[in-house]
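Visitor:
There are 2 protein chains.
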Amino acid sequence: MKPGKRIGVAVCGLGNVGAETARLLRVRKSELSARLGAPLDLRWVVSRRAAATARTLGLPASVRRAKTPERALRDPSVDVVVELFGGLDAARRLVRAAFAAGKHVVTANKHLVSERFEELDRAARRAGVGFVYEAAVAGGIPIIGAIRDGLAANRVERVSGIFNGTTNYILSKMAHDGCEMGSALAEAQRLGMAERDPTMDLNGSDTTHKIAILGSMLSGRWVEPRKVPREGIERIEAEDILFAASRLGRTVRLIGTVAPSGDGGSVEAHVQPTLIPLEHPLAAVHGGYNAILVQASSAEDLMFYGKGAGPGPTASAVLADVLAVARGDAGRAPRPTRGRAKISPESPAPYFLKLRVADVPGALSAITGKLGKEGVSIAQIYQNERGARWVPVMILTHKTTRERLDRARAAILALKTVSRAHSLLRLLPDGA
Amino acid sequence: MKPGKRIGVAVCGLGNVGAETARLLRVRKSELSARLGAPLDLRWVVSRRAAATARTLGLPASVRRAKTPERALRDPSVDVVVELFGGLDAARRLVRAAFAAGKHVVTANKHLVSERFEELDRAARRAGVGFVYEAAVAGGIPIIGAIRDGLAANRVERVSGIFNGTTNYILSKMAHDGCEMGSALAEAQRLGMAERDPTMDLNGSDTTHKIAILGSMLSGRWVEPRKVPREGIERIEAEDILFAASRLGRTVRLIGTVAPSGDGGSVEAHVQPTLIPLEHPLAAVHGGYNAILVQASSAEDLMFYGKGAGPGPTASAVLADVLAVARGDAGRAPRPTRGRAKISPESPAPYFLKLRVADVPGALSAITGKLGKEGVSIAQIYQNERGARWVPVMILTHKTTRERLDRARAAILALKTVSRAHSLLRLLPDGA
């Protein structure tokens, strides 16, 4: 856009994030305009409850209200459309219509961006407009900007970390209180830290979306979220966390990882509950925080820590993108140009496997036999209680591949003397 | 600069950082040019040992060499001068000459930037060129870019953290090994983590420089480094760290803090060894790392962690600035426009005071009397050993002001029954 040109914004969707974005566009208008070097105007709010929210926020009459986005998209004074509808279909229609109307788009919708990244990126480029999504990856943490600008001189070799505040709250709470997942989840829901249906958080899907977006940025190839192997936290029990802390000096975090291979041929990507040494910076990330480790060729190891969700942090990222797109910086993020990514298996690591085993002779040797058959060697094995119907057995393996481990796990769980209930945790390998 | 225009760079100073910057400009030329959208050429290397370093790096003949910068500054193909001379006088002359020649300047020289910020910023603006210094604050951590762009929609209310890797290495080492400062420093020097003369690191000056630069960016007023109250780590003993860990659940970090007052009238700024709760993210920052906490109005609490020094991390930041200035983004960092800052005293906090007291009747009551006279109330007091000539006494105060504490400390140290040797540590207040 022309330097100094007045920039008009339409905020579409007035949930918590949308309302906060609209509010900040009003109350920080002079600072934002000064930062941009041009007036930044909130022109439209679009939502079924636009009129009521506009009243609550005290928006002046110059900010127009509509239940649907058509008129805002036809308004030539609108330069940037902020998509905060959420979900997939309505959001996708809005974004495509905005591109068709020649508007730049800012979105916080990680589900949409990760599922439709290639389609929307191409559509934006055909339309000659910006499509930016800083808020889609880690809320208020400016990780995309840091990779795009601050680390522009680096090859980013690996990004891994905690991308989901809900699961991090639950895992921290279980570690701190020694409680089971059910009560930690109930507390998270009570505090508004977990949705009523927390499936996408607990099963790792939400983290997969963010990993896919970062993987596409870093690798030069489209990473499809459904191809990223993931394991959720649903099966983790308090005794696993207690055991990890007391015997292994580690704690559990749900870690998403993406690492383009050196030759650009494939991308290691996975989402996995991971045992982190207690002295590792990621182990100090408690409650609803996110933290992202970046391994960069020159800057070396970095960590970015902050609120990954919530109205203020998300609106902060949305507005940073509004300023970037208004300045014409939108095209600067690294983007895929080389087709879809091949996802490579996770790098070898030690694993923790907690089984429930019948207290009968030969049960343990059947298990160790299955591991041995797949070439998985055991570093430590613990069996503390006796006399219960199912006795918990904790196995720590030496470094092995996920393929071998999954084959051994399937064979073990097929044994009559082993319950299906189990936990599998990756140990963060040295130097990762 | 015109989009697509070829950009020429002169690297002045070929120490570790300069040589690495020149090397990266060569080996990552195609990626850097792609990121910039224009060819980025290393045109000159300037150093007394330019010829030898150019040979070592295998620079082609197209990169010209000189012992002094005059010819590079006259070369119209040079757009950006990278100042890596270090020190004050020669660096300042180079920067002024570059401005006069119409060249943009990128520097990693925190001493120069903080001491001459106002003068050089004005000179750059008069010359209509960019003056950027991402590498001057935290090496490879892109904190200035994050504040400028990622947090552009926020009021940044407080920045505090670990800005000096040398002292952090020493404090971590003392905590981990239980050793005294002398041996931790010797080890740091052996590893190249401390300079032969570590005074500017140990006494907090280096941290003060970085705090002054950030304070000027955030407050809109020039923060002069010499006006920032600082306390170094020189007096800290192993027993203080041990006591803090075992009795207070805290560890020591050298913390620089800057917090503009809400009304913009003054800036709280100080550099101070600080007792951090062991579960706090800053306590998990070990060895030569830096970590910076940012409290922002919308994004809330953030932490940026990484290598604050070293050739790779510093060159990474220098090159990010070269790209930014080449894109014309240099003017975007918030900058002072309202004169010099008034430094306000540090916010009230509890303090830890370790004294050495003669083991004679009445000695303790004289100390508590002096504290009481200044209105400093005691939360806890410990005196473990007896029988030595000087007995260590550890005092933990309730929240108090630094002024009261300093007056009480002066009165206590004037007592005949108290040694001059002591340690004073601030306790990180709740929510800071």
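If you're matching them up, the sequences are chains S and R in order. In this text, residue positions in the first sequence follow this note's numbering: the first is 1, and each later residue adds one. In this text, residue positions in the second sequence follow this note's numbering: the first is 1001, and each later residue adds one. Beta carbons are placed, not taken as given, at the ideal position from N, Cα and C, and that holds for glycine.
Check distances from the C-beta atoms of the region 1297 to 1315 of chain R to those of chain S and list, in chain order, the residues that come in under 7 Å.
Guide: Those would be S1298, A1299, E1300, D1301, L1302, M1303, F1304, Y1305, G1306, K1307, G1312, P1313 and A1315, in chain order.
Visitor: So, for G1288/R: in the same chain, excluding its five sequence neighbours on each side, which residues have a beta-carbon less than 6 Å away from its beta-carbon?
Guide: Locating residue 1288/R in the second sequence gives position 288, counting from the first residue. So the qualifying residues of the chain are G1165, Y1169 and M1193.
Visitor: Quick check: what's the CA-CA separation for I1276/R versus K1399/R?
Guide: Within the second sequence, numbered from 1, the residue matching residue 1276/R stands at position 276. Within the second sequence, numbered from 1, the residue matching residue 1399/R stands at position 399. I1276/R and K1399/R: Cα-Cα distance of roughly 15 Å.
Visitor: At 3 residues or longer, what runs of the beta strand (DSSP E) sit wholly inside the region 1321 to 1380 of chain R?
Guide: Those beta strand (DSSP E) runs which fall completely within the region 1321 to 1380 of chain R and span 3+ residues are 1351 to 1358.
Visitor: Can you pull out the residues from the region 1139 to 1162 of chain R whose beta carbon lies closer than 7 Å to at least one beta carbon of chain S?
Guide: Listed by position along the chain: G1140, I1141, P1142, G1145, A1146, D1149, G1150, L1151, A1152, A1153 and N1154.
Visitor: Can you check whether the CB of L1042/R is closer than 8 Å to the CB of R1026/R?
Guide: Mapped onto the second sequence, residue 1026/R falls at position 26. Mapped onto the second sequence, residue 1042/R falls at position 42. Cβ atoms of R1026/R and L1042/R: closer than 8 Å.
Visitor: On the three-pair Cβ rule with 8 Å, is the region 1377 to 1393 of chain R touching the region 1347 to 1362 of chain R?
Guide: In short, these stretches touch, since the Cβ pair count reaches three.
Visitor: Does A1090/R get closer than 8 Å to chain S when you measure Cβ to Cβ?
Guide: Along the second sequence, one-based indexing puts residue 1090/R at 90. Not closer than 8 Å to any Cβ of chain S, the Cβ of A1090/R fails to qualify, so no.
Visitor: Can you give me the C-alpha to C-alpha distance between L1427/R and V11/S, rounded to a whole angstrom?
Guide: Translated into positions along the second sequence, residue 1427/R becomes position 427. Translated into positions along the first sequence, residue 11/S becomes position 11. Near 44 Å, if we compare the C-alpha coordinates of V11/S and L1427/R.
Visitor: Which one or two residues does DSSP pair with F304/S in a beta bridge?
Guide: What you label residue 304/S is simply residue 304 of the first sequence in a count that begins at 1. Per DSSP, I292/S and F1304/R.
Visitor: Is E224/S near R340/S, with beta carbons less than 8 Å apart?
Guide: Translated into the one-based positions of the first sequence, residue 224/S becomes position 224. Translated into the one-based positions of the first sequence, residue 340/S becomes position 340. Contact: yes.
Visitor: Using the Cα positions of A1098/R and E1083/R, report the straight-line distance between them to the nearest angstrom.
Guide: Counting from 1 along the second sequence, the entry for residue 1098/R is found at position 98. Counting from 1 along the second sequence, the entry for residue 1083/R is found at position 83. Roughly 9 Å separates the two Cα atoms.
Visitor: Tell me where the beta strand (DSSP E) around D1240/R begins and ends.
Guide: Within the second sequence, the letter at position 240 stands for residue 1240/R. It is not in any beta strand (DSSP E) - D1240/R instead sits in the alpha helix (DSSP H) that spans A1238 to F1243.
Visitor: Smallest Cα separation from G312/S: which of T207/S, G139/S, S365/S and L364/S?
Guide: For the purposes of this step, residue 312/S is taken as the residue at position 312 of the first sequence. The residue with the shortest Cα to Cα distance from G312/S is G139/S.
Visitor: Along the region 9 to 29 of chain S, what residues have a CB closer than 7 Å to any CB found in chain R?
Guide: From the region 9 to 29 of chain S, only L24 and R28 have a Cβ closer than 7 Å to chain R.
Visitor: What three-state label does DSSP hand E83/S in the structure shown?
Guide: What you label residue 83/S is simply residue 83 of the first sequence in a count that begins at 1. DSSP places E83/S in strand when its eight states are reduced to three.
Visitor: Which stretch, first to last residue, makes up the alpha helix (DSSP H) that contains D1121/R?
Guide: As a first step, residue 1121/R is located in the second sequence; it is residue number 121 there, counting from the start. Note, D1121/R: alpha helix (DSSP H), F1117 to A1127.
Visitor: Which runs of the alpha helix (DSSP H) at least 4 residues long sit entirely within the region 125 to 154 of chain S? Give them in chain order.
Guide: Runs found: 135 to 138.
Visitor: If the cut is a Cβ gap below 9 Å, which residues of chain R does L509/S touch?
Guide: Any question about residue 509/S goes unanswered here, given that chain S covers just 1 to 432.
Visitor: Could you tell me the boundaries of the alpha helix (DSSP H) in which V95/S lies?
Guide: Numbered from its first residue, the first sequence carries residue 95/S at position 95. Run containing V95/S: D89 to A100, per the alpha helix (DSSP H) assignment.
Visitor: Considering only residues of the region 146 to 227 of chain S, which uninterrupted alpha helix (DSSP H) runs meet the minimum length of 4 residues and lie entirely inside it, listed in chain order?
Guide: The qualifying runs are 165 to 177, 181 to 190, 199 to 202 and 205 to 219.
Visitor: In angstroms with no decimal places, state the Cα-to-Cα distance between T1068/R and G1182/R.
Guide: Residue numbering aside, residue 1068/R sits at position 68 when the second sequence is read from its first letter. Residue numbering aside, residue 1182/R sits at position 182 when the second sequence is read from its first letter. Near 39 Å, if we compare the C-alpha coordinates of G1182/R and T1068/R.
Visitor: Measuring only the C-alpha atoms, how far is E1195/R from L1202/R?
Guide: Sequence index remark: in the second sequence, residue 1195/R carries index 195 (1-based). Sequence index remark: in the second sequence, residue 1202/R carries index 202 (1-based). So the two alpha carbons sit approximately 11 Å from each other.
Visitor: Leaving out the 5 sequence neighbours to the left and right, which residues in its chain are closer than 8 Å to R92/S when beta-carbon positions are compared?
Guide: Residue 92/S sits at position 92 when you count from the first residue of the first sequence. Hits under 8 Å: L112, R116 and L120.
Visitor: Within this structure, are the beta carbons of L425/S and D206/S separated by less than 8 Å?
Guide: On the first sequence, residue 425/S is found 425 positions in, with the first residue counted as 1. On the first sequence, residue 206/S is found 206 positions in, with the first residue counted as 1. Contact: no.
Visitor: When you compare each of Q272/S, H104/S, L218/S and G15/S to V129/S by their alpha carbons, which one comes out closest?
Guide: The count along the first sequence starts at 1 and reaches residue 129/S at position 129. Measuring from the Cα of V129/S, the nearest candidate turns out to be H104/S.
Visitor: Fully enclosed by the region 1243 to 1281 of chain R, which beta strand (DSSP E) runs are 3 residues long or longer?
Guide: Segments of the beta strand (DSSP E) lying fully in the region 1243 to 1281 of chain R: 1250 to 1260 and 1267 to 1277.
Visitor: Does the Cβ-Cβ distance between A320/S and E134/S come in under 8 Å?
Guide: Taking the first residue of the first sequence as 1, we reach residue 320/S at position 320. Taking the first residue of the first sequence as 1, we reach residue 134/S at position 134. Yes, Cβ-Cβ distance for A320/S and E134/S is below 8 Å.
Visitor: For S1172/R, count the other beta carbons within 10 Å of its own beta carbon; 16 or more makes it buried, fewer makes it exposed. Which is it?
Guide: The count along the second sequence starts at 1 and reaches residue 1172/R at position 172. Buried.
Visitor: Got a sec: which bits of the region 273 to 287 of chain S sit with their beta carbon under 8 Å from any beta carbon on chain R, in order along the chain?
Guide: Cβ contacts with chain R: E279, H280, P281, A283, A284, V285 and H286.
Visitor: By the DSSP assignment, the alpha helix (DSSP H) with D75/S in it spans what residues?
Guide: As a first step, residue 75/S is located in the first sequence; it is residue number 75 there, counting from the start. First-last for D75/S: undefined, no H or E at that position.
Visitor: Alpha carbon to alpha carbon, how far is R1122/R from T1100/R? Give it in angstroms, no decimals.
Guide: As a working mapping, residue 1100/R is identified with position 100 in the second sequence. As a working mapping, residue 1122/R is identified with position 122 in the second sequence. Looking at the sequence itself, residue 1100/R is Ala, so the reference to Thr does not match. The straight-line gap from Cα to Cα measures roughly 12 Å.
Visitor: I want to see whether chain R comes within less than 8 Å of A108/S, judged by CB atoms only; does it?
Guide: Against the first sequence, residue 108/S aligns to sequence position 108. Answer no: the Cβ-Cβ gap between A108/S and chain R never drops below 8 Å.
Visitor: Between which two residues does the beta strand (DSSP E) carrying L1042/R extend?
Guide: For the purposes of this step, residue 1042/R is taken as residue 42 along the second sequence, with counting starting at 1. L1040 to V1046 is the span of the beta strand (DSSP E), which, as asked, contains L1042/R.
Visitor: Do you know whose CA, among T1056/R, I1412/R, A1410/R and R1327/R, lies nearest R1006/R's CA?
Guide: Taking the first residue of the second sequence as position 1, residue 1006/R is located at position 6. Of the candidates T1056/R, I1412/R, A1410/R and R1327/R, the one whose C-alpha sits nearest the C-alpha of R1006/R is R1327/R.
Visitor: Is there a Cβ from chain R that is less than 8 Å from the Cβ of L84/S?
Guide: Position 84 of the first sequence, counted from the start, is the residue given in the question as residue 84/S. Chain R, which has no Cβ nearer than 8 Å to the Cβ of L84/S, makes this no.
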